[in-house]
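Here is the structure we will look at, set down as C-alpha cells.
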Amino acid sequence: MPGTCVIGLQWGDEAKGKLVDILTEQHDIVVRYQGGANAGHTVVSGGETWKLSLIPSGILRDGVTCVVTGGVVLDPTAALREIDMLEGRGVRVGSKLLLSDRTHLVFPWHVAEDRLLDGSVSGGEAIGTTGRGIGPCYRDKVGRALAIRLGDLYRPDFPDRLRHVVALKQRLLGGVGDGSAATLPEFDADSILADTRRMAARLEPYVADTTAFLLDAVEAGRRLLFEGAQGTLLDVDHGTYPYVTSSNSSGLGVGTGSGVPGRWIDRSIGVVKAYSTRVGGGPLPTEQDNAVGIHLRERGNEYGTVTQRPRRCGWFDAVAARYAARLSGVDQLAVMLLDVLGGLDELRICIAYEIDGRTVTNFPSHVDDLRRAQPVYETLPGWPEDLAGVRTMAGLPAAARRYIERIGGLLGRPVSIVSVGPDRAQTIPCDHHEGGQRPWPRHPAPARA
Ligand code: GDP
Ligand code: IMO
Ligand code: MG
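Numbering (the working numbering), first residue to last: 6 to 454.
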C-alpha cells in the first residue's frame, strides 16, 4: 500500500497545501492528523485562491476521501465555516469528508485561555500563538478531566458533561488574569449547549471511526496521502520549545495522530521554502531585519494566512532544515517559492552556527542556545530572471539549479519537486526522480554539513 506524507521542515507555511493539492491526484484518501484551525493552507488554481484550515487540501479534487483524524483538535464553528465556504464556492463536500469521533473539540474557553496565557510564557517573549485555542485544547486532552470529544456530543449524558466542564472552567479561569470581562468572558452553559447541539446536528453526517476506516483502507490497498500542518521545528517535543505548537507536527506525529502505523508510508516528502520564515515568537537565527527581509516578505507575500501577521523572513537555514529532515525521516525534498529569490544579487545559506565561540552543525536542543547562535553562511550567486514561467529544470538559470542542488546536498536528500509560483501549474518535477526510482537510500546516513 503506497502511502505518502508531506511534512514541513521549517516553522510552517512551507506551501504544504499546494503540494498536497498536486499529489492528491495520485491518491485515494487525504488525511489531516494533527493541529487544528491554526493551520492555513493555500491552494491556487486557475486564478482561484482557496484557503483551508481544518479540511485537507485534497477536498478540491474529485474522487478522494478527506479524513480529519483524532490527532486534530477541531473547532466546530471553524469546521462548519469552512464546509460552508467550500459548498458556497461549488465544491461538494458531502460524503467526501470524514471527521473522527475521537477529535477533541475546541470550545470558547480554550480560545479565551489561549489569549489570556500567551503573553506569560518564559516571563519574556510571547509565543505569539494564532489565538485559536490550540494549546489549551491539547492540554485538556492530555489532562482528560475537562476534555470533550466529537463523539461525546451524541451521547445521552452530554448536557451534564458540558455543564460540569463549564462550571469547572469558569472557576479555574476566574483565578487567571485580572478577572475582568475583558480578559475572561462569562460562559453560559445553556447557550453553549444550544449552540453545540446545533453544530453537532450539522456535523453528524461526517462523523466516523476514522481509525477503523483508515486501517481497512490500508488493507484494501488504497493510497493514502498524509497532510502535515505546521512544521517540524514547531513540534511540541522536538521543536524550538516553548516556541512551538502543541502537537507533534514533525513526521513523528503521523502514526499517533492518524492511527495508521508509519510503516505503511513509503514516501516522505520534506517541504522547504527556498528561504526561512517564522510567524510569532521564538528564535529565527537567519532572520534578516533589513532590505533582504523586505524583499522576501514582499515578493513572497509573507503574511500569515490565519492571522495576517507579517512573517519574519531570513536566509535558508540548512542546520535547522537538516535536523528537521532527519527527525521527520523524509526521503526527498520539495523546494518551494524558489521564484521569490529572483533579483537578489547573492544568496546565503546557513551551514553552521557559532555558539559561544564553538562551531556547531547540530541543531541546539535548548532555545537559549539557539538564541545565541550566529549563522555561518555560504554565499551563492543569485539570478535576475523571473522564474514564474519556467516548467523544466533545464529552463532554470544555472544559478537556481546550483542553489537547489546545494540544498539537497546539505540536507542529504534529493530534491524531487521545485515550485516557482503559487499556481498548481507553476511546479517543476525533477527529472532524476521520475520513473519510481528512489535515487537515495531509504534511511541515509546523516551527512555532515
Ligand atoms: P502551508 O501552510 O505550508 O500550506 O503554506 P501557506 O499556504 O500558509 O503559505 C505558502 C504561500 O506561498 C501561499 O500563499 C501559497 O499560495 C504561496 N506559494 C506556494 N508555492 C509558491 C511558490 O512557489 N512561489 C510563490 N511565490 N508563492 C508560492
Ligand atoms: P501551517 O499549517 C506557521 C505558530 C504560531 C505560534 C506557534 C504556536 O499553515 O504551516 P498555536 O496557535 O499553534 O498555539 O501557535 O505556532 N503556528 C504556525 N506558524 N504556520 C502554521 O501552520 C502555524 N500554526 C501555528 O504562529 O508561533
Ligand atoms: Mg500556512
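Idealized CB from N, CA, C, for every residue including glycine.
Cβ distance (whole Å) where residue i is taken to contact residue j below 8 Å
{"i": "G286", "j": "Y248", "result": "5 Å"}
{"i": "L352", "j": "G387", "result": "5 Å"}
{"i": "L14", "j": "A329", "result": "4 Å"}
{"i": "V116", "j": "G138", "result": "4 Å"}
{"i": "V381", "j": "T364", "result": "7 Å"}
{"i": "G244", "j": "Y38", "result": "Contact flag wrong, Cβ pair sits at about 17 Å."}
{"i": "G40", "j": "V77", "result": "6 Å"}
{"i": "S424", "j": "C435", "result": "Wrong, their Cβ atoms sit about 11 Å apart, outside the cutoff."}
{"i": "V111", "j": "L158", "result": "Their Cβ separation, rounded to whole angstroms, is 13 Å, which puts V111 and L158 out of contact at 8 Å."}
{"i": "L57", "j": "E30", "result": "Not a contact, Cβ separation roughly 17 Å."}
{"i": "W16", "j": "R327", "result": "Not a contact, Cβ separation roughly 15 Å."}
{"i": "P81", "j": "M204", "result": "4 Å"}
{"i": "V36", "j": "L219", "result": "7 Å"}
{"i": "G45", "j": "V311", "result": "4 Å"}
Residue i beta carbon near the ligand IMO (any heavy atom closer than 8 Å)
{"i": "K21", "result": "yes"}
{"i": "A234", "result": "yes"}
{"i": "S333", "result": "no"}
{"i": "L158", "result": "no"}
{"i": "L239", "result": "yes"}
{"i": "D322", "result": "no"}
{"i": "G129", "result": "no"}
{"i": "G286", "result": "yes"}
{"i": "I139", "result": "yes"}
{"i": "I60", "result": "no"}
{"i": "N43", "result": "yes"}
{"i": "G76", "result": "no"}
{"i": "V96", "result": "no"}
Cβ-heavy atom distance, residue i to the ligand MG, below 8 Å
{"i": "G17", "result": "yes"}
{"i": "H46", "result": "yes"}
{"i": "V311", "result": "yes"}
Residue i versus residue j - alpha carbon distance
{"i": "Q175", "j": "L155", "result": "22 Å"}
{"i": "D162", "j": "V372", "result": "44 Å"}
{"i": "P446", "j": "R268", "result": "Interpretation of P446 is limited by its pLDDT of 34, a score under 50 that renders its predicted location unreliable; the figure taken from the coordinates is listed afterwards. If I take the Cα positions, the gap works out to 16 Å."}
{"i": "D214", "j": "A20", "result": "29 Å"}
{"i": "L121", "j": "D322", "result": "33 Å"}
{"i": "D374", "j": "R331", "result": "20 Å"}
{"i": "T9", "j": "G179", "result": "46 Å"}
{"i": "W55", "j": "T47", "result": "6 Å"}
{"i": "G413", "j": "L167", "result": "51 Å"}
{"i": "L343", "j": "G51", "result": "20 Å"}
{"i": "D123", "j": "A131", "result": "6 Å"}
{"i": "P7", "j": "S273", "result": "11 Å"}
{"i": "K101", "j": "S333", "result": "29 Å"}
{"i": "V147", "j": "D221", "result": "27 Å"}
{"i": "P427", "j": "A206", "result": "37 Å"}
{"i": "G362", "j": "A378", "result": "10 Å"}
{"i": "E232", "j": "H169", "result": "35 Å"}
{"i": "W320", "j": "G264", "result": "36 Å"}
{"i": "E118", "j": "P389", "result": "48 Å"}
{"i": "G262", "j": "R107", "result": "10 Å"}
{"i": "D294", "j": "S62", "result": "32 Å"}
{"i": "V340", "j": "K23", "result": "12 Å"}
{"i": "G417", "j": "L229", "result": "26 Å"}
{"i": "A399", "j": "D18", "result": "27 Å"}
{"i": "H438", "j": "I409", "result": "Low per-residue confidence applies at H438: pLDDT is 47, beneath 50, and the placement is therefore not dependable, though the value from the model is reported in the following sentence. Near 14 Å, if we compare the C-alpha coordinates of I409 and H438."}
{"i": "V395", "j": "P369", "result": "38 Å"}
{"i": "N253", "j": "A404", "result": "36 Å"}
{"i": "L301", "j": "R149", "result": "43 Å"}
beta-carbon residue i near the ligand GDP non-hydrogen atom, thresh 8 Å
{"i": "M341", "result": "yes"}
{"i": "N306", "result": "yes"}
{"i": "P402", "result": "no"}
{"i": "K54", "result": "Inspection of the sequence shows that residue 54 is occupied by Thr rather than by Lys. Within the cutoff, so yes."}
{"i": "P315", "result": "no"}
{"i": "I337", "result": "As written in the sequence, residue 337 is Gln, which differs from the Ile given in the question. Checking every heavy atom of the ligand GDP against the Cβ of Q337, none is found closer than 8 Å."}
{"i": "Q39", "result": "no"}
{"i": "Q379", "result": "no"}
{"i": "V365", "result": "no"}
{"i": "Q431", "result": "yes"}
{"i": "G426", "result": "yes"}
{"i": "G13", "result": "yes"}
{"i": "V345", "result": "yes"}
Any C-beta of chain D under 9 Å from that of residue i
{"i": "G179", "result": "No chain D appears in the structure shown, which is made up of a single protein chain."}
Output the residue ranges of the alpha helix (DSSP H) runs that lie fully inside the segment 134-208 and measure 4 residues or longer, sorted by chain position. Runs of the alpha helix (DSSP H) spanning 4 or more residues and lying entirely within the segment 134-208 occur at 139-148, 163-179 and 194-208, in chain order.
Which complete alpha helix (DSSP H) runs does the segment 376-417 hold, if anything under 4 residues is left out? With a minimum length of 4 residues, the continuous alpha helix (DSSP H) runs that stay inside the segment 376-417 are 403-416.
Extract the residue ranges of the beta strand (DSSP E) inside the segment 321-350, only unbroken runs of 3 or more that lie entirely within it. Here the runs fully enclosed are 337-341.
So within the segment 278-329, which uninterrupted beta strand (DSSP E) runs reach at least 3 residues, ignoring any that extend past its ends? Here the runs fully enclosed are 281-283 and 317-319.
Scan the segment 219-276 and note each continuous beta strand (DSSP E) run of 3 residues or more that stays entirely inside, going in chain order. Listed in chain order, the complete beta strand (DSSP E) runs (minimum 3 residues) inside the segment 219-276 are 229-232.
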